[in-house]
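Note that my numbering numbers the sequence shown so that position 218 is 218, with each residue one more than the last.
Heads up, the thing below is written out as structure tokens.
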Amino acid sequence: MIVLSAAYRFPDIRLPQRPTPVRYLLAVLRARPGLVLAAIVTGAGWSLPSALLPLVIGRGVGAIAAGDSSALWRWALIAGVLGVTQALLGTGLHFASYGMWIHGAGTTQRLVTDHTTRLGASLRDATTTGNVVAVTSSDMNWVGNAFEVIGRTFGSIVAFVVIGIAMLGTSPVLGTIALVGVPLAVLGIGPLLAPLQKRKTAQRENLSEVNALGADIVSGLRILRGVGGERRFLARFRDASQLVRRSGVEVGRSESWLAGAEVLLPGLVTVAITWLGARLALDGTISVGELVAFYGLSAFLVVPVRPNRSARSARGWSRRARCAVCWLCARSSPSRCRRSRCRTVRWSWWTPPAASGSRRAS
């Protein structure tokens, strides 16, 4: 990240006098409108070939059933064009998304680092060293993740709309199931996000404790050796590290349940569409090619769920990170603490009670 920040030319960003998470996000986005537009366009262009490919394959199967070789070659050529287009736009989306991550995370790191440097010793009465380190190391990653998923999220929405329209045009019943079932599946994943965010909050608190303790040990190493306190601080550091490890295990468990749910719930929608489509094909309502197309479209419905889940998770965590950034950026002296704009966020996770001694930021 340090190398990329040195190579990346950061734009000049004018933050509002009282920055809020939303204002901060908009200010950073306005600094690179071309990059944001590129991420949105490539995200939509990358998702459309995948959404259209099942329709093309279904038409090809229909051409085989009808014995029309010229139509078969035509649909095969269209499928090849879609594959090449997706590969090219996928490369562009990768570059655009990575550029968005660098822009969001790197700009946040630079702003916080410059501002804390200007504050200097006046910051020691406000927060601990571990919290400042957490903002410039882990929190900036969440801000970058919120920027990175913009293109893929927009593309997944476009793909879902295209699939829904295609299904409604062929079979209103199947299209209605898709348009209703997939949003319900996304909403069903929501209850699993709250425990995950709670456990990640605990993990961040433990990580901040380890960072602060490590800074204490480094800054007071000579004193510790003089008074013989090395073993005591080593035991404290080991205990704090074990807390970080155990909280990481809890986060992993929640993420595994979430990963399973984002496959299971849309999968149930896929099974329902496939079963009903097979019944319609047996009744002669739809053709065999249309059944193949419906199966491919229903299987593709699982794909847009993951970017939306990632976007919801990144949005929630980036908001907490942006609150921490806004709190630092709005602080110009120990007597000016602007917390009123982030009342909905529990600030104790970010600014615990001021510690004594070397635990304060220096």
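Just so it is clear, CB atoms sit at the ideal spot from N, CA and C, and this is done for glycine as well.
(message) If I measure Cβ to Cβ from Leu179 and keep anything under 7 angstroms in the same chain, skipping five residues before and after, which residues do I get?
(response) If you number the sequence shown from 1, residue 179 lands on position 179. Within the same chain, Leu179 has close Cβ partners Gly164.
(message) How far does the alpha helix (DSSP H) with Ser298 in it extend, from its first residue to its last?
(response) As a working note, residue 298 is residue 298 in the sequence shown. Unbroken alpha helix (DSSP H) run through Ser298: Val288 to Phe300.
(request) Look at the alpha carbon of Ala272 and the alpha carbon of Leu280, and state the distance between them as a whole number of angstroms. (result) As a first step, residue 272 is located in the sequence shown; it is residue number 272 there, counting from the start. As a first step, residue 280 is located in the sequence shown; it is residue number 280 there, counting from the start. C-alpha separation (whole angstroms): 12 angstroms.
(message) Once DSSP output is grouped into helix, strand and coil, what is the label at Ile273?
(response) Here residue 273 is taken as the residue at index 273 of the sequence shown, counted from 1. Helix at Ile273.
(request) Express the C-alpha separation of Glu262 and Val149 in angstroms, rounding to a whole number. (result) Here the question's residue 149 lines up with position 149 in the sequence shown. Here the question's residue 262 lines up with position 262 in the sequence shown. C-alpha of Val149 to C-alpha of Glu262: approximately 17 angstroms in a straight line.
(request) Count the C-beta pairs between the region 78-96 and the region 202-213 that are closer than 8 angstroms, then say yes if the count reaches three, no if not. (result) Taking 8 angstroms as the limit for Cβ pairs, the verdict is that the region 202-213 does not touch the region 78-96.
(message) Gly296 and Pro54 - do their beta-carbons sit closer together than 9 angstroms?
(response) Taking the sequence shown and counting its residues from 1, one reaches residue 54 at position 54. Taking the sequence shown and counting its residues from 1, one reaches residue 296 at position 296. Yes. Within cutoff.
(request) Evaluate Gln242 with the Cβ neighbour count: other Cβ atoms within 10 Å of its Cβ, from every protein chain shown; 16 or more gives buried, anything less gives exposed. (result) Reading the sequence shown from its first residue, position 242 is the one you call residue 242. Classification for Gln242: exposed.
(request) Compute the distance between the beta-carbons of Leu276 and Gly58, then report whether it is under 9 angstroms. (result) Locating residue 276 in the sequence shown gives position 276, counting from the first residue. Locating residue 58 in the sequence shown gives position 58, counting from the first residue. At least 9 angstroms separates the beta-carbon of Leu276 from that of Gly58.
(message) By alpha-carbon positions, which one of Pro195, Ala202 and Ala27 ends up nearest to Ser256?
(response) For the purposes of this step, residue 256 is taken as the residue at position 256 of the sequence shown. Comparing Cα-Cα distances from Ser256 to each of Pro195, Ala202 and Ala27, the minimum goes to Pro195.
(request) Have a look at Leu234 and Arg245 and give me their C-alpha separation to the nearest angstrom. (result) Working through the sequence shown from its first residue, we reach residue 234 at position 234. Working through the sequence shown from its first residue, we reach residue 245 at position 245. Leu234 and Arg245 have their C-alpha atoms some 16 angstroms from each other.
(message) One question on the structure: do Val288 and Gly80 come within less than 9 angstroms of each other, judged by their Cβ atoms?
(response) Within the sequence shown, numbered from 1, the residue matching residue 288 stands at position 288. Within the sequence shown, numbered from 1, the residue matching residue 80 stands at position 80. At a Cβ-Cβ threshold of 9 angstroms, Val288 and Gly80 do not count as neighbours.
(request) State the DSSP-derived secondary structure class of Cys342, mapped to helix, strand or coil. (result) As a first step, residue 342 must be located in the sequence shown, where it is residue number 342. For Cys342, the pLDDT reaches just 39, beneath the cut-off of 50, and the residue's location in the model is therefore unreliable, leaving the point undetermined.
(message) Would Ala212 and Ser247 qualify as a contact pair, given that the criterion is a beta-carbon distance under 9 angstroms?
(response) Mapped onto the sequence shown, residue 212 falls at position 212. Mapped onto the sequence shown, residue 247 falls at position 247. No, these two residues do not count as a Cβ contact at 9 angstroms.
(request) Return the Cβ separation of Leu363 and Phe294 in integer angstroms, given the expectation that the two are a contact with Cβ distance under 8 angstroms. (result) The displayed coordinates of the chain run from 1 to 362. Any statement about residue 363 would go beyond what the structure contains.
(message) Contact defined as beta carbons within less than 8 angstroms: I believe Gly375 pairs with Ala105. What is the distance between those atoms, to the nearest angstrom?
(response) Absent from the model: residue 375. The displayed extent of the chain is 1 to 362, so no value can be given.
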